[in-house]
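FYI, UniProt numbering numbers position 82 of the sequence shown as 82, with every residue one higher than the one before it. The structure appears right after this line, and notes come after that.
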Amino acid sequence: MPESAPTLPFSWKVRVYWEDTDAGGVVYHAGYLRFMERARSEWMRALGVDQMAFKQATGLAFMVRDMHIDFLRPALLDDELSVTVEVKERRAASILFTQTITKTDGSCLIRASVRVACVDLGRMRPAPIPADLIPQPAP
Numbered sequence: 001m002p003e004s005a006p007t008l009p010f011s012w013k014v015r016v017y018w019e020d021t022d023a024g025g026v027v028y029h030a031g032y033l034r035f036m037e038r039a040r041s042e043w044m045r046a047l048g049v050d051q052m053a054f055k056q057a058t059g060l061a062f063m064v065r066d067m068h069i070d071f072l073r074p075a076l077l078d079d080e081l082s083v084t085v086e087v088k089e090r091r092a093a094s095i096l097f098t099q100t101i102t103k104t105d106g107s108c109l110i111r112a113s114v115r116v117a118c119v120d121l122g123r124m125r126p127a128p129i130p131a132d133l134i135p136q137p138a139p
């Protein structure tokens, strides 16, 4: 399993396509959830975690438990965005992330806090996160 976290905060690039927008060419609010989910998945991949192999080996997976989002400005068709992921707190069975979505000019569009829970899929109950899977955040 991973020994250290990638440089924090982790950043992942995404471009806005037609499928992400409404009729006005503005990113539909649910699109930001997909962008943040993908960035968290890429963060785990950067840690060396194969989520499918992890699920098959342990019967565990991560599910969003709680999310707070500040929609500050809209993203538009063809914008290139940067989505960040940073661990703020790691508990026995959950992780609190802070995430942002910014444009290439540095303007912040979205600020979010996302708590994911480690869940035993067979019982659909919280389960401890394996100690060597996700490093503790730096103090």
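Note that CB positions come from ideal geometry on N, CA and C, so glycine has one too.
{"Check": "Per DSSP, the bridge partner or partners of residue 120", "Outcome": "60, 125"}
{"Check": "Rounded separation between residue 3 and residue 80 - CA only", "Outcome": "Only weak support exists for where residue 3 lies, its pLDDT of 42 falling under 50; the value from the coordinates is given anyway. Between residue 3 and residue 80, the C-alpha separation is close to 31 Å."}
{"Check": "Burial state of residue 20 (16 or more Cβ within 10 Å)", "Outcome": "buried"}
{"Check": "Beta strand (DSSP E) segment containing residue 80, residue limits", "Outcome": "80 to 90"}
{"Check": "Burial state of residue 44, where buried means 16 or more other Cβ atoms lie within 10 Å", "Outcome": "buried"}
{"Check": "Nearest to residue 15 (by Cα), restricted to the options 83, 64, 50", "Outcome": "83"}
{"Check": "Sufficient close CB pairs (3 or more, under 8 Å) joining the stretch 100 to 111 to the stretch 54 to 67", "Outcome": "no"}
{"Check": "Burial state of residue 1, where buried means 16 or more other Cβ atoms lie within 10 Å", "Outcome": "At residue 1 the pLDDT is 39, less than 50, meaning the model places this residue with poor confidence; the figure from the coordinates comes in the next sentence. It counts as exposed."}
{"Check": "Span separating the alpha-carbon of residue 107 from that of residue 72", "Outcome": "9 Å"}
{"Check": "Residue 109 (DSSP reduced to helix, strand or coil)", "Outcome": "strand"}
{"Check": "Proximity below 9 Å, CB of residue 89 to CB of residue 10", "Outcome": "no"}
{"Check": "Coil, strand or helix - residue 115 by DSSP", "Outcome": "strand"}
{"Check": "Spatial distance of residue 119 from residue 127 (CA atoms)", "Outcome": "5 Å"}
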